[in-house]
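Visitor: Chains as they are written, first to last, in the numbering used here: chain A, 25 to 158; chain B, 25 to 158. No residue lacks a Cβ here, since even glycine has one placed at the ideal position from N, Cα and C.
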DNA sequence: ATCGGATTGCAATGCAATTGCAGCGCGCCT
DNA sequence: AGGCGCGCTGCAATTGCATTGCAATCCGAT
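Laid out in structure tokens, this is it:
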């Protein structure tokens, strides 16, 4: 099955829980918070979901965004993603509907860092109104 | 006095506390957290410092960064700053010394947002090693 | 069948941000 | 000069999210 393959491809041992979480995430159109994810399940322990996301993140299956709402949001990575700075896309947080979107093809040019600064990761968050709310 | 003028220019009524905070901030070379600021004073209430920063921020005397450490950092705005997206500069968080720098002249081009998305603010955080730590 | 490491669930903790309330100071009005 | 009101300050307490410890459970390998 496709979901299981995705886990294996990232060296994550597939468990029932993880498959369910991955399934949910793949249905999500926006980046979701831990609470959002919990709400998508009838009964699932929040900490387990938390750790599942952490595992996914460690293996680069999902990436996280701090969109300024105080709670971290998570979204699936693209298949080719290695979460290197050049892989990073921007995120857009709508201050009206409170959704956070992955702007997959909004990449940020990385040039002219000050001398001797070494870049490992980057995060770009835009805020405003999304297409539905503007 | 110069500090007092700065407050007045931003329509902030100058108080002893605020002058002290502004003085401290102007000495800081990096963006600082509430805890950092508190540590710079012998005895000052954290909540007062918190509210002072909030006031400064509302009046665009300081801007804030969420650098991913979990605690918000604050730094003085440039004189001309209105905190509009085009005023925004990037921030660099060194994962080794844990300092967060304002990259005053690292601006981010804002082009090609998806249709009907309206941009109000933006935040760009780079992570890696600073010049001292690399 | 058994063993051991990984996974899950539940309880509890840590920490930063935020709010409520009381006291205080300072300017303003009479 | 006295009194009022508003904003500022300090202290106590609460909220909410992230994170950890521990016990129970599952699953694959021997």
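Starting from the C-beta of residue 64/B, find all residues in its chain whose C-beta is less than 7 Å away, skip the five residues before and the five after it, and write them out in chain order.
Guide: If you number the second chain from 1, residue 64/B lands on position 40. Closer than 7 Å at the Cβ level, and outside the excluded window around residue 64/B, lie 48.
Visitor: May I have a chain-ordered list of the beta strand (DSSP E) segments no shorter than 3 residues that lie completely inside the region 62–110 of chain A?
Guide: If one requires a minimum length of 3 residues, the beta strand (DSSP E) runs lying completely within the region 62–110 of chain A are 86–90 and 96–100, in chain order.
Visitor: In this structure, does DSSP put residue 123/B in helix, strand or coil?
Guide: For the purposes of this step, residue 123/B is identified with residue 99 of the second chain, where counting begins at 1. The answer is coil: DSSP assigns residue 123/B none of H, G, I, E or B.
Visitor: I'd like the span of the alpha helix (DSSP H) that includes residue 45/A, first residue to last.
Guide: The count along the first chain starts at 1 and reaches residue 45/A at position 21. Counting along the chain, the alpha helix (DSSP H) containing residue 45/A begins and ends at 40–51.
Visitor: Grab the span of the beta strand (DSSP E) containing residue 150/A for me, first residue to last.
Guide: Residue mapping note: residue 150/A aligns to position 126 of the first chain, counting from 1. Looking at the DSSP string, the run of the beta strand (DSSP E) that includes residue 150/A is 142–153.
Visitor: DSSP three-state label for residue 135/B, please.
Guide: Residue 135/B sits at position 111 when you count from the first residue of the second chain. Reduced to three states, the DSSP call for residue 135/B is coil.
Visitor: Closest to residue 56/B by C-alpha separation, out of 89/B, 145/B, 139/B and 108/B, would be which residue?
Guide: Indexing the second chain from 1 puts residue 56/B at position 32. It is 89/B whose Cα lies nearest to the Cα of residue 56/B.
Visitor: Determine the contact status of residue 114/A and residue 150/A, defining contact as a CB-CB distance below 8 Å.
Guide: In the first chain, counting from the first residue as 1, residue 114/A sits at position 90. In the first chain, counting from the first residue as 1, residue 150/A sits at position 126. It is a contact, given that the beta carbons lie within the stated cut-off.
Visitor: Between 68/B, 26/B, 106/B and 83/B, which lies nearest to residue 35/B when the distance is taken from Cα to Cα?
Guide: What you label residue 35/B is simply residue 11 of the second chain in a count that begins at 1. It is 83/B.
Visitor: Just to confirm the assignment, what range does the beta strand (DSSP E) spanning residue 30/B have?
Guide: Taking the first residue of the second chain as position 1, residue 30/B is located at position 6. Premise fails: residue 30/B lies in the alpha helix (DSSP H), 26–33, not in any beta strand (DSSP E).
Visitor: Would you say residue 144/B lies against chain A (beta-carbon separation less than 8 Å)?
Guide: By one-based count along the second chain, residue 144/B stands at place 120. Answer yes: the Cβ-Cβ gap between residue 144/B and chain A drops below 8 Å somewhere.
Visitor: Using CA coordinates, which residue listed in 67/B, 68/B, 91/B and 97/B is at the minimum distance from residue 81/B?
Guide: Along the second chain, one-based indexing puts residue 81/B at 57. Nearest C-alpha to residue 81/B: 97/B.
Visitor: Which residues in chain B sit within 7 Å of residue 111/A, going by Cβ to Cβ distance?
Guide: Locating residue 111/A in the first chain gives position 87, where the first residue counts as 1. The premise fails here: residue 111/A is roughly 14 Å from chain B at the closest Cβ pair, so nothing lies under 7 Å.
Visitor: Mind listing which residues of the region 76–103 of chain A have their C-beta closer than 8 Å to chain B's C-betas, in chain order?
Guide: So the close ones are 90 and 92.
Visitor: Take residue 122/B and list the residues in its own chain whose beta-carbon comes closer than 8 Å to its own, dropping the five residues that flank it on each side.
Guide: Translated into positions along the second chain, residue 122/B becomes position 98. Answer for residue 122/B: 93, listed in chain order.
Visitor: Listed in chain order, which residues of the region 39–68 of chain B have Cβ atoms closer than 7 Å to some Cβ of chain A?
Guide: none
Visitor: By the criterion of Cβ-Cβ separation under 8 Å, what are the contact partners of residue 119/B in chain A?
Guide: Locating residue 119/B in the second chain gives position 95, counting from the first residue. In chain order: 144.
Visitor: Looking at residue 107/B: is its Cβ nearer than 8 Å to the Cβ of residue 87/B?
Guide: The residue you call residue 107/B lines up with position 83 of the second chain. The residue you call residue 87/B lines up with position 63 of the second chain. Their beta carbons are under 8 Å apart, which means residue 107/B touches residue 87/B by this criterion.
Visitor: Can you check which of these residues, 144/B, 101/B, 140/B and 153/B, is closest to residue 129/B by C-alpha distance?
Guide: Here residue 129/B refers to the residue found at position 105 of the second chain. Measuring from the Cα of residue 129/B, the nearest candidate turns out to be 101/B.
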